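Colleague: Take a look at the following structure, please.
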Amino acid sequence: MTKYTVLCDFDGTISEKDVTDTLLSQFGNEKCALLEQQWLDGIIGSRECMCQQIANMQASRAELDSVLAQIRIDPAFGTFIDLVQDAHLNVHIVSDGLDYAIQSILKRYNIDFLPVFANRLLHDQQQGWKLDFPYANEHCRKASGNCKCRHRSQLIGFQKIFYVGDGTSDFCVADKVDLVFAKDKLIDFCQQKGIKHYPIKDFNDVVAILPDLIKVPAENYCSSPA
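Residue numbers (full-length UniProt numbering): 1 to 226.
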């Protein structure tokens with residue numbers, strides 16, 4: 001059995017830009033910004049926010065695809081995938097973003113074989129879009145569309161579970177894994193909460209650190225690179 005699993009966020013972690021924000025800036029209306037502020041203020045959860053934002057997005061599939069074709073991923077992510085495949089590690093993408101967008105981008109880089117757990121983006125065959133939430137959890141304390149803690153709880157029997165993320169949607173799951181590779185806001189959160197983590201800039205840092213981690217016991221992990 002594979003002993004290790006790596007859970008990866010997508011937007012701003014694998015992708016260089018937040019894909020949902022990019023699409024909403026191109027095709028959303030003024031209501032999208034108001035909904036975003038309500039989410040930031042804690043008035044609504046991320047699931048309700050995204051559901052309404054996507055409903056206010058108008059674009060044909062061709063228009064959507066043209067924007068997705070311009071979104072790049074971390075140049076080192078391919079090297080990371082080579083490493084984990086050689087080491088027989090599992091990699092799951094867990095995102096509170098859009099499955100269609102993620103799969104479209106990964107396909108362009110020939111890495112669409114990775115399991116993707118994200119919100120389901122549905123098209124009405126005209127200009128409208130809506131979301132379905134196959135991985136929602138009514139008990140999710142963040143009211144996320146995709147409950148990352150639920151994914152973590154379903155991974156039973158693995159020796160270690162690592163997480164790579166960057167932002168707010170990663171906060172809940174960060175203290176439920178063995179080690180976090182943290183970018184941006186997630187670094188500050190892990191520091192404040194005393195969560196074991198390595199601050200990273202990109203997947204080059206993960207590639208440099210990971211080989212040693214899978215050879216050493218958990219008590220040898222540190223909160224930042226030596």
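Here a beta-carbon is modelled for each residue, glycine too, at the ideal position from N, C-alpha and C. Note that the structure is predicted; figures quoted are calculated from it, not measured.
What number of angstroms, rounded off, separates the C-alpha of arginine 152 from the C-alpha of glutamate 30?
Modeller: Roughly 36 Å separates the two Cα atoms.
Colleague: For a quick check, are the C-beta atoms of phenylalanine 203 and phenylalanine 80 less than 8 Å apart?
Modeller: Contact flag set, yes.
Colleague: Opposite histidine 197 in the DSSP bridges: which residues?
Modeller: DSSP lists Val180 as partners of histidine 197.
Colleague: What do you reckon, are the CB atoms on cysteine 190 and cysteine 172 nearer than 8 Å?
Modeller: Their beta carbons are not under 8 Å apart, which means cysteine 190 does not touch cysteine 172 by this criterion.
Colleague: In angstroms with no decimal places, state the Cα-to-Cα distance between valine 6 and serine 15.
Modeller: Going from the Cα of valine 6 to the Cα of serine 15 covers about 17 Å.
Colleague: Beta-carbon separation of leucine 34 and leucine 64 under 8 Å?
Modeller: It is not a contact, given that the beta carbons lie outside the stated cut-off.
Colleague: Spatial neighbours of isoleucine 44 within its chain, please: C-beta separation below 6 Å, excluding the five flanking residues on both sides.
Modeller: Closer than 6 Å at the Cβ level, and outside the excluded window around isoleucine 44, lie Gln38.
Colleague: Return the first residue and the last residue of the alpha helix (DSSP H) that lysine 204 is part of.
Modeller: It is worth fixing the name first, because residue 204 is asparagine in this sequence and not lysine. Residues 203-213.
Colleague: Note down the Cα distance separating aspartate 82 from lysine 160, rounded to an integer number of angstroms.
Modeller: Using only the alpha carbons, I get a separation of about 19 Å.
Colleague: So what's aspartate 21 in DSSP terms, helix, strand or just coil?
Modeller: Note: aspartate 21 maps to helix in three-state DSSP.
Colleague: For a quick check, are the C-beta atoms of tyrosine 100 and isoleucine 73 less than 8 Å apart?
Modeller: Cβ distance not < 8 Å, so tyrosine 100 and isoleucine 73 don't count as in contact.
Colleague: Any chance you could list the alpha helix (DSSP H) runs of at least 4 consecutive residues sitting entirely within the stretch 83-136, in chain order?
Modeller: Qualifying alpha helix (DSSP H) stretches, in chain order: 99-108.
Colleague: Rounding to the nearest angstrom, what Cα-Cα distance links cysteine 49 and lysine 176 in this structure?
Modeller: Roughly 25 Å between the two C-alpha positions.
Colleague: Since I believe serine 46 is in contact with leucine 145 (beta carbons under 8 Å), could you give me their beta-carbon distance rounded to a whole number of angstroms?
Modeller: The question names leucine, yet the displayed sequence has glycine at residue 145. So it is a contact: roughly 6 Å between Cβ atoms.
Colleague: With a Cβ-Cβ cutoff of 8 Å, do glycine 97 and threonine 168 count as a contact?
Modeller: Cβ distance not < 8 Å, so glycine 97 and threonine 168 don't count as in contact.
Colleague: Specify the secondary structure class of threonine 13 as computed by DSSP and reduced to three states.
Modeller: Coil at threonine 13, not helix or strand.
Colleague: According to DSSP, is isoleucine 73 helix, strand or coil?
Modeller: Looking at isoleucine 73 - three-state DSSP - the assignment turns out to be strand.
Colleague: By DSSP, does cysteine 8 sit in helix, in strand, or in coil?
Modeller: Of the three classes helix, strand and coil, the one that applies to cysteine 8 here is strand, per DSSP.
Colleague: What's the call for glycine 194, buried or exposed, on a 16-neighbour Cβ count within 10 Å?
Modeller: The residue is exposed, with fewer than 16 neighbouring Cβ atoms inside 10 Å.
Colleague: Sort out for me which residues DSSP pairs valine 67 with in a bridge.
Modeller: Beta-bridge pairing links valine 67 to no other residue.
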